[in-house]
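Have a look at the structure below, then the notes.
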Amino acid sequence: MDLGIEDIDDNESSFCSLWSRTHRKINCVELFSNPNLGDDYFFNRLNVKADCNNISDTLNFIKSNYSYDLKTYYIHLICNNEKPVTKLNIPKFGTMKIMSLDVNKYVLNGSRHVEIKVVDKVRLNDWIDVYCRSFDSLEIKNEVTTIISQHYKKLSLLIAYYCKDEIRYPAGCCLLFEKNERIGLYCLGTTYQFRKKGVARELISNAQKITSNSGYDSIILQTLTKERYEEFYKRLGFKTIYKKMLYTFYLN
Ligand SMILES: CC(C)(COP(=O)(O)OP(=O)(O)OC[C@H]1O[C@@H](n2cnc3c(N)ncnc32)[C@H](O)[C@@H]1OP(=O)(O)O)[C@@H](O)C(=O)NCCC(=O)NCCS
Numbered sequence: 001m002d003l004g005i006e007d008i009d010d011n012e013s014s015f016c017s018l019w020s021r022t023h024r025k026i027n028c029v030e031l032f033s034n035p036n037l038g039d040d041y042f043f044n045r046l047n048v049k050a051d052c053n054n055i056s057d058t059l060n061f062i063k064s065n066y067s068y069d070l071k072t073y074y075i076h077l078i079c080n081n082e083k084p085v086t087k088l089n090i091p092k093f094g095t096m097k098i099m100s101l102d103v104n105k106y107v108l109n110g111s112r113h114v115e116i117k118v119v120d121k122v123r124l125n126d127w128i129d130v131y132c133r134s135f136d137s138l139e140i141k142n143e144v145t146t147i148i149s150q151h152y153k154k155l156s157l158l159i160a161y162y163c164k165d166e167i168r169y170p171a172g173c174c175l176l177f178e179k180n181e182r183i184g185l186y187c188l189g190t191t192y193q194f195r196k197k198g199v200a201r202e203l204i205s206n207a208q209k210i211t212s213n214s215g216y217d218s219i220i221l222q223t224l225t226k227e228r229y230e231e232f233y234k235r236l237g238f239k240t241i242y243k244k245m246l247y248t249f250y251l252n
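In our numbering, the protein residues as written are 1 to 252.
Structure, rendered in C-alpha cells:
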C-alpha cells in the first residue's frame, strides 16, 4: 500500500522551513535551523535520508559550519517498518508518530462552551499569545510573531475561546498547512487553565470540517510518544501511519 510517506513528509518539511532562519540541503541531510526558537526538537532538526552514506562526515561538516548558537540538532529518520539503513551512533531522543484522521469517518461532538474562529489579520496577536502560553514558550514570542506575521497567508489559523459567565477567554489554538495535496495539523495547544475541557477536541473537530470542505480525506499530525498524547489522538480517531526515530546531535 502506498502510504504517501514522501508527500506527507514533505508537508512537514515545508512547514518547518517556514519557521527556519536557515534551510539547506547538505548531501543526504536537510537542515532546518532557527536559534531564536531555542532548543526545539521539531524546528531545529536534521532530516536524514534512510540510506545515507558517510553520514558522520556530513554531521561533522554541519557541526563546523552550521552550529550558530545552538546546543543541539535533532536528527529525524523515517522508519517505515524496515530498519533504517543509516547507522547513527548517537543518543536516541525518542520516537515520533505520524498519525492520520479520516475526516469523513469520524464526527466529533464538541463542547458548547468552546467557540472556534478562523483567525484574520486582526486576531493574529491573540493566536500568537495563546500559542506561546499553551507551549509554555513566551520567551520566543517575538520570533513567533515574526514567523506568523510573515507566513499567515499560507496557513489556516484557528483559535478557541472558552465561554464562561458571558466572557470569552482565548484558550487554545492550532493551524492547518496545505502542501502536496496533503493537509497537516500543527501547533495544537490549550492553555493550562482550560485543559481537559474539550478545547482541543473542538479545535480538531473544526479542523476536520475545514479539511473535509476543502476536498481532503484526511488530516496528518505528528506526536512525540514520550509527551504521552498518542492515546489522546487515538481516542479522537487518529491512526499511526509511520514513525520517525529522533536522535540528539550535540554540537559542543
Ligand atoms: C494536548 C492538548 C492540546 C490537549 O488539550 P485539551 O484541550 O486539554 O484536550 P481536550 O480537553 O479537548 O481533550 C479531549 C479528550 O482527551 C482527553 N485528554 C486530554 N489530554 C489528554 C492526555 N494528555 N492524555 C490522554 N487523554 C487526554 C480528555 O480528557 C478528553 O477526553 P474525554 O472527552 O473523554 O473527557 C494539551 O494538553 C496541550 O496544549 N499540551 C501542550 C502543547 C502540546 O504539547 N500539544 C500537542 C503537540 S503534539
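C-beta: ideal position from N, C-alpha, C; glycine also. Just so it is clear, the structure is predicted and the values come from calculations on it, not from any experiment.
- Cβ-Cβ separation between S205 and G110: approximately 5 angstroms, consistent with a contact (criterion under 8 angstroms).
- With contact defined as three or more Cβ pairs closer than 8 angstroms, the segment 164-183 and the segment 75-95 are not in contact.
- Taking 7 angstroms as the cut-off, one finds no heavy atom of ligand 1 near enough to the beta carbon of S20.
- Taking a contact to require three or more Cβ pairs closer than 8 angstroms, the segment 174-188 and the segment 50-65 do not qualify as touching.
- A straight line joining the alpha-carbon of H76 with that of F43 spans about 11 angstroms.
- Counted as a single uninterrupted DSSP element, the stretch harbouring D120 is not any alpha helix (DSSP H), since DSSP gives it neither H nor E.
- Across the structure, K226 and G94 are spaced so that their CA atoms are roughly 7 angstroms apart.
- Scanning L251, M245, Q222 and Y250 for the CA closest to the CA of K239 turns up Q222.
- The C-alpha of S20 lies about 15 angstroms from the C-alpha of D10.
- A Cβ-Cβ distance of about 7 angstroms is found for the pair V119 and L158, placing them in contact under the 8 angstroms criterion.
- As summarised for the segment 172-199, the continuous beta strand (DSSP E) elements at least 3 residues long and confined to that stretch are 182-190, given in chain order.
- Within 7 angstroms of the C-beta of A207 there is not a single heavy atom belonging to ligand 1.
- Those residues that have a beta carbon less than 6 angstroms away from any non-hydrogen atom of ligand 1 are, in order along the chain, S134, F135, G172, L188, G189, T190, R195, K196, K197, G198, V199, A200, R201, T223, E227, R228, Y229, E231, F232 and R235.
- In the structure shown, T86 falls within a coil segment according to DSSP collapsed to helix, strand and coil.
- Spanning the alpha carbons of S156 and T211 requires a straight line of approximately 10 angstroms.
- Between M96 and L246, the gap from beta carbon to beta carbon is short of 8 angstroms.
- Under the DSSP assignment, T22 falls in the beta strand (DSSP E) whose first and last residues are T22 to I26.
- For the options I183, N252, Y250 and N36, the alpha carbon positioned closest to that of I5 is the one of I183.
- The beta-bridge partner set that DSSP reports for E30 consists of K25 and N47.
- A Cβ-Cβ separation of about 6 angstroms places L203 in contact with I116 under the 8 angstroms criterion.
- L31 is classed as buried because its beta carbon has at least 16 other beta carbons within 10 Å across all chains shown.
- Contact between V130 and Y216 does not hold, since their C-beta atoms are separated by about 25 angstroms, which reaches or exceeds 8 angstroms.
- Taken through DSSP and simplified to helix, strand or coil, F249 comes out as strand.
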